[in-house]
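So the sequence shown is residues 1 to 46, counted in the working numbering.
Think of the CB as a built atom: it goes at the ideal place given N, C-alpha and C, for glycine as much as any other residue.
Contents: one structure, followed by commentary.
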Amino acid sequence: MQRKRFFLGITGASGVIYGLRLLEELNRRGGEVHVAVSAGGWDLLR
């Protein structure tokens, strides 16, 4: 079975929280996930 592919864009504020949770769940289910994070998102991730 072919893995599903996703592209996840993470910005700032609640996007970081929800984005990380979604990334964890997609990974857990075997999805191939590519992620882009805005400058504001990186500031919050640090």
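For residue j and residue i, the rounded distance between their alpha carbons
i: isoleucine 17; j: arginine 3; result: 25 Å
i: alanine 39; j: glycine 15; result: 12 Å
i: threonine 11; j: glycine 30; result: 24 Å
Boundaries (first-last residue) of the beta strand (DSSP E) holding residue i
i: arginine 5; result: 5 to 10
Residue i - containing alpha helix (DSSP H), residue span
i: alanine 39; result: 39 to 45
i: arginine 21; result: 14 to 28
Identity of the residue in the options nearest residue i by Cα
i: phenylalanine 7; options: Ala36, Trp42, Leu45, Asp43; result: Ala36
CB-CB length for residue i against residue j, believed under 8 Å
i: glutamate 24; j: arginine 5; result: Not really, about 17 Å apart at Cβ, beyond 8 Å.
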